[in-house]
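Just so you know, the sequences run in chain order U and L. Under this note's numbering, the very last position in the first sequence is 314; numbers go up by exactly one each time. Under this note's numbering, the very last position in the second sequence is 601; numbers go up by exactly one each time. These notes concern the structure reproduced below.
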Amino acid sequence: MSALVRLVILGGGALALITLPLWGDEGTRSTLIFLSYHAAMAQMWNLLAGYAGLVTFGQQLYVGLGCYTLAVLCERLGLGVWPSFALAALVCGLAAVPIGALTFRLKGGYFAVGSWVVAEVFRLLFGNWEYVGFASGMFIRAARRVDPWAIYFVAVGLAVGSLALVVAMLRSRAGLALMAVRDGEEAAAGLGVDVWRIKLVAFVVAAAGTGLASALVAVQTPFIQPNAAFSIQWVAAASFMVVVGGLGTVEGPIIGAAIYVLVQEQLSGSGALNLVVLGATSVIVMLVAPQGIAGLVRDRLAWTQFPIARRPPG
Amino acid sequence: MELIETLVNGVLLGGLYGLVGLGLSVNFGIMRLVHLAHGDFVVLGAYFLVVGLVPLGLPPLAAAALVVPGMFALGWLVQRAIIERTLGRGVLPPLIVTFGISMVLQNALLLWVNADARTLHTPLASAGVPVGGITVPAIRLVDFAVGLVCLVVLLLLLARTALGRALRATSDDPETARMMGIDPRRMYAVAAGIAAALGGVAGMLLAATSTFYPSTGSEVLLIAFEVVVVGGLGSVTGTFVGGILMAVAQLLGARFFGPSYALVAGHMVFLLVLLFRPRGLMPRTAP
């Protein structure tokens with residue numbers, strides 16, 4: 001029965017998203033693009049904070065790096081928009097290997113802020129780099145010719161793809177190892193899990209996914225500046241979505257992204273007021289209902305849209 | 315000669331950086347909390363002085379006498395009302411909650427005042443004092459002296475008083491401390507108050523030393539964080555030494571590569587220390 005309900009929800013959602021060009025207007029399209037790439041970024045932040053136990057305030061590094069990879073490949077080296085887009089994931093994933101190796105020396109809250117410092121170094125260096133237009137940034141002219149419906153489908157693909165990736169990862173052996181590490185590093189190591197390696201894998205996957213979603217932001221905008229691209233506000237958004245939606249749940253980031261979009265649209269007049277509301281909401285949710293909306297639904301109604309927990313037979 | 319001038323200035327500014335780090339160090343040392351709103355507390359102290367008190371016509375020293383207890387009370391209240399409930403629940407809740415407080419403070423400041431640059435105008439900022447053949451800004455001497463006094467007072471408080479003993483006992487083992495009649499949550503609130511009061515002092519010096527904006531809080535947080543890690547987690551004296559190292563690094567970076575490289579140079583020194591001496595210069599507890 002619940003499998004049928006799950007299928008109906010999935011099928012209905014997929015049908016609505018695929019047929020949007022037939023019935024949706026420009027406003028709906030841009031709202032869904034915005035929602036989709038935020039959901040993808042939140043999914044990646046949740047993979048780290050919710051499943052790998054790696055709380056980080058440095059993911060804006062991969063937002064900026066993804067944007068700039070696309071911009072440099074397109075605008076300076078003349079590569080096509082979509083090949084550049086794909087390469088953004090590669091560049092971010094590769095960059096995450098040495099960065100992870102260095103910042104993993106810090107634990108807990110120190111890892112979170114240490115990652116932020118590394119992102120700041122990138123923001124400052126890109127702002128001082130003539131090749132990418134210093135702090136005034138770059139236009140990506142080729143991206144202005146991209147069909148907005150193509151951007152829409154890629155964005156939805158990213159949101160769905162990131163979700164599928166996380167579900168697939170969590171159902172695999174690596175996912176079990178990851179959650180074991182989150183729940184107790186020493187115990188996991190005692191059972192033969194290579195803690196450092198499994199964390200690095202999650203870190204690299206999240207960097208690549210974040211970079212890909214960010215490159216799409218650059219295609220859509222199509223203008224980037226270091227202070228916006230490497231801004232801590234990307235993490236403020238991602239952590240809000242994950243905490244409100246439900247940390248360590250696969251549905252959470254999507255629910256959180258929808259709420260984030262609503263807040264943005266209601267308070268679009270004041271950036272500062274908007275951020276006060278986001279910050280205060282995160283604090284209240286963390287104190288009152290730390291499991292988030294998806295967690296509440298799971299606990300109260302015994303419902304999950306994407307079951308990943310394994311139940312003993314019988 | 316110019317190089318010596320840069321070094322001396324760096325060491326003196328290091329007093330302020332060390333002081334900024336001390337607040338974070340107290341929070342971490344007593345309750346293992348990485349307080350992401352500490353930089354915003356510092357900046358709030360600066361705004362409290364420059365926008366809240368000086369326009370009333372109060373002399374700066376009388377205003378300072380209000381900022382310190384005011385910040386202590388704020389630190390105490392935020393700890394008891396909010397942060398206390400997140401302790402002992404893992405890594406994420408305190409980080410999310412202090413980050414949320416930081417967002418609220420920073421943007422409430424933007425709504426209350428605006429994004430304009432502020433500073434505290436004092437004769438100290440323009441006066442120069444000759445020190446062994448070179449001239450240093452008087453305010454930097456004040457930064458260093460106040461930072462050093464705060465460090466010594468804090469060390470004496472922790473080492474010599476009953477309160478300090480209770481704080482250290484809570485830090486070492488809250489359960490045993492409770493059996494000895496110490497209420498750990500009360501000690502945590504005292505520690506948070508001391509940290510915020512130190513932040514208030516640092517904020518007033520910051521206001522007199524340079525310009526600041528609501529967004530300066532994040533910059534201050536990162537400097538405080540680097541100062542603490544470079545100095546060695548858990549060591550108050552190390553934090554002060556870390557402050558000097560970070561300030562010297564920034565001023566040298568600005569001198570050799572241009573002013574826009576000051577922050578980068580500081581961050582680079584932090585990353586180098588992380589690479590070669592991950593436990594900091596004067597480590598006491600494991601990170």
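Note that CB positions come from ideal geometry on N, CA and C, so glycine has one too. All values reported here derive from a predicted model rather than from experimental measurement.
Residue range of the beta strand (DSSP E) that includes L/T449: 448-451
Contact belief for U/L61 with U/F122 at Cβ below 8 Å, rounded distance in angstroms: So it is a contact: roughly 5 Å between Cβ atoms.
Which residues DSSP lists as bridging L/R442, in chain order: Note on identity: in this sequence residue 442 of chain L is Gly, with Arg being the wrong assignment. L/P451, per the DSSP bridge assignment.
Per DSSP, cross-strand counterpart(s) of L/R432: Answer is L/F526.
Extent of the continuous alpha helix (DSSP H) run through L/E316: 316-345
Own chain residues within Cβ distance below 6 Å of L/Q420, not counting five before or after: For L/Q420, where only same-chain residues beyond five positions count, the Cβ hits under 6 Å are D354, P528, G531.
Three-state secondary structure assigned by DSSP to U/P313: Residue placement at U/P313 is poorly supported in this model, since its pLDDT is 49, which falls under 50; the coordinates are not used for a value here.
Integer Cβ distance of U/A202 from U/A52, believed to fall under 8 Å: 4 Å
Buried versus exposed, by CB contacts within 10 Å (16 or more), L/D457: Label assigned to L/D457: buried.
First and last residue of the uninterrupted alpha helix (DSSP H) at L/F355: 352-361
Rounded separation between U/V160 and U/L296 - CA only: 23 Å
Simplified DSSP state of U/I224, which is helix, strand or coil: strand
U/V243, enclosing alpha helix (DSSP H) - first and last residue: 233-245
Nearest-angstrom Cβ-Cβ length linking L/F584 and L/E540, presumed shorter than 8 Å: Rounded, the Cβ-Cβ distance is 4 Å, consistent with contact.
Nearest to L/L536 (by Cα), restricted to the options L/G337, L/A459, L/R591: L/G337
Under 8 Å (Cβ pairs) to chain U, residues found in the segment 400-418 of chain L: Of all residues in the segment 400-418 of chain L, T400, R403, V405, L406, P407, P408, L409, I410, V411, F413, G414, I415, S416, M417, V418 have a Cβ within less than 8 Å of some Cβ in chain U.
Cα-Cα separation between U/S84 and U/L77, rounded to whole angstroms: 10 Å
Near-chain L residues of the segment 104-117 of chain U - C-beta to any C-beta below 8 Å: R105, L106, K107, G108, G109, Y110, A112, V113, G114, W116, V117
Within 8 Å of chain U by C-beta, residues of the segment 570-583 of chain L in sequence order: Of all residues in the segment 570-583 of chain L, only S574, Y575, L577, V578, H581, M582 place a beta-carbon less than 8 Å from a beta-carbon of chain U.
Buried or exposed (CB count within 10 angstroms, at least 16 for buried), L/L333: Its Cβ being crowded by 16 or more others within 10 Å, L/L333 is buried.
Opposing strand residues paired with U/F139 [DSSP bridges]: Answer is U/F223.
Whole alpha helix (DSSP H) elements within the segment 99-184 of chain U, 4-residue minimum: 108-127, 148-171, 173-183
Alpha helix (DSSP H) runs wholly inside the segment 372-423 of chain L, at least 4 long, in chain order: 374-395
Inter-residue CB distance, U/A96 and U/A207 (contact presumed, cutoff 8 Å): 3 Å
8 Å contact criterion, which U/A218 and U/C92 should meet: CB distance rounded: Not really, about 13 Å apart at Cβ, beyond 8 Å.
Residues near L/F554 by beta carbon distance below 6 Å, same chain, minus five either side: G332, L465
CB contact below 8 Å: L/S532 versus chain U: Closer than 8 Å: yes.
Beta-carbon gap between L/L388 and L/L347 smaller than 8 Å: No, the Cβ-Cβ distance between L/L388 and L/L347 is not below 8 Å.
Residues that U/F57 contacts on chain L, provided the C-beta gap is smaller than 9 Å: L350, L409, F413
Residue burial classification, U/A302 (beta-carbon count within 10 angstroms, cutoff 16): That one is exposed.
CB of U/I33 within 8 Å of CB of U/I140, strictly: no
C-alpha distance - U/L70 paired with U/E120, whole-angstrom precision: 20 Å
Partner residues on chain L for U/S268, Cβ-Cβ distance less than 7 Å: Here the premise fails: no neighbours, minimum Cβ distance about 15 Å.
Per-residue burial, L/F342 [other beta carbons within 10 Å of its own, 16 or more giving buried]: buried
Minimum C-alpha distance to U/S282 - residue among U/L65, U/L20, U/A236, U/G248: For U/S282, the nearest C-alpha among the options comes from U/A236.
Interface residues of chain U facing L/V543 [CB-CB closer than 8 Å]: L106, Y110, G114
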